[in-house]
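Below: the structure, in structure tokens.
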Amino acid sequence: MKSWVVMLMALVLLGWVFVDFAFFFDHSLGAPKDVVIPKGMSLSGVAHLLEKEGITSSFRFLVFALLSRKTTPIAGQYRLWPGMPVASIVRLLSQGPPRVRVTFPEGFTAEQMAEVLEHFGVCRKEEYLAFVAHPEHFARPWLFGAKSLEGFLFPDTYFLQVPTPPSEVIALQLDRFEELVLPLFSGKEALLHESIVLASIVEKEARLREEKPLVASVFLNRLQKNMRLQSCATVVYALKKEKGVSVTSLRERDLVFPSPFNTYLHEGLPPHAICNPGLDAIRAVLEPAQTDYLYFVLQEDGKHAFARTYEEHLKNKRGAP
């Protein structure tokens with residue numbers, strides 16, 4: 163008897179699908195609408211919302227959803243067309259909002275991340291950056307005292323709904339940071355903020371993974387000797403952040419650009435990170451190579467030449483591109 167009931171329901175459902183597509187599909191669909199299904203909304207609530215938005219009748223939606231046993235629509239934003247088949251509507255709402263695969267490479271700045279998110283329709287660039295500038299909006303004890311979220315937005319691949327509030331995107335990035343980075347600072351929590359700032363500079367300066375511990379050693383040695391870091395990457399960041407100018411090479415006058423991020427002018431570390439470093443750069447700062455290098459310069463082969471003295475550094479520069 164039970165099998166007959168199931169078969170009868172299946173036949174009814176198939177018949178409904180046929181009728182829906184054959185007779186109720188409007189080939190001149192109206193303009194699409196972005197319909198937001200709130201979290202916790204009941205099936206009947208969704209049905210009435212769809213009717214209010216002019217997408218389909220609440221009765222047809224309820225009947226098809228109940229017959230197909232898809233009674234828990236997933237909250238989110240959907241693009242729906244008035245007159246589209248109810249079967250398509252139920253299927254979309256049961257699958258959830260569309261997701262996109264977003265990858266942030268190591269060394270991306272918050273601004274670059276914001277541009278990628280806007281490109282994929284996840285959230286607006288300006289809204290994302292507004293949250294980045296206010297770490298106090300996120301209740302993470304390890305963020306206490308941070309001036310920006312730059313550096314803590316872990317670069318990785320994320321699967322995001324379209325759209326997703328920028329605060330939720332950032333929360334995912336901070337969760338990933340907590341999962342992968344914080345364990346490296348067990349017992350060294352006081353070093354977190356300064357280490358992330360330095361790791362961001364290492365990330366930008368060192369192209370090769372194997373050179374990151376060497377580059378980290380140079381900056382740590384200079385800090386120990388109260389020497390200015392003189393990192394070109396910090397000047398590039400300052401020009402972009404404060405003047406909106408993107409540069410790939412620096413001129414002499416750029417090196418005196420007045421900015422707290424310019425480590426040619428100011429001793430110590432910049433106010434906050436200049437990008438979002440990956441694990442290799444962070445580990446390089448925590449476990450640097452043991453050297454007495456104070457200088458490095460990029461060579462034609464893409465590697466760096468390291469030097470202990472300024473004279474040796476000048477010789478290396480003469481052989482640089």
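Using our numbering, the letters of the sequence shown map in sequence onto residues 163 to 483.
Yeah, the Cβ is synthetic: ideal placement off N, Cα and C, and Gly gets one too.
Query: R261 (DSSP reduced to helix, strand or coil); Result: strand
Query: Identity of the residue in E462, L382, R415 nearest A454 by Cα; Result: The sequence given here has Asp at residue 454, not Ala. The candidate whose alpha carbon is nearest that of D454 is L382.
Query: Every unbroken beta strand (DSSP E) inside the region 217-290 [3 residues or more]; Result: 238-242, 261-265
Query: Environment of Q452 [buried if 16+ CB atoms lie within 10 Å]; Result: exposed
Query: Distance between M275 and E473 (C-alpha atoms, nearest Å); Result: 40 angstroms
Query: T471, buried or exposed, once every other Cβ within 10 Å from all chains shown has been counted against 16; Result: exposed
Query: Close-in-space but distant-in-sequence residues of the same chain around Q323 (CB under 6 angstroms, 5 per side omitted); Result: G238, P259, R261
Query: Where Y457 falls: helix, strand or coil (DSSP); Result: strand
Query: DSSP state of A184 mapped onto helix, strand, coil; Result: Any reading at A184 must be qualified, since the residue scores a pLDDT of 32, below 50, and its modelled position is unreliable; the value itself is stated next. Looking at A184 - three-state DSSP - the assignment turns out to be helix.
Query: Proximity below 8 angstroms, CB of S379 to CB of P450; Result: yes
Query: Beta carbon of P317 nearer than 8 angstroms to that of F270; Result: yes
Query: Own chain, CB closer than 6 angstroms to E213, minus 5 neighbours either side, in chain order; Result: S219, S220
Query: Counted within 10 angstroms of its Cβ, other Cβ atoms place P375 as buried (16 or more) or exposed; Result: buried
Query: Other residues of its chain near A308: CB distance less than 6 angstroms, five sequence neighbours each side excluded; Result: P297
Query: Which residues DSSP lists as bridging H466, in chain order; Result: L460
Query: As assigned by DSSP and simplified to three states, the class of H189; Result: Confidence is the limiting factor: at H189 the pLDDT is only 46, short of 50, which leaves the residue's position unreliable and the question unanswerable from this model.
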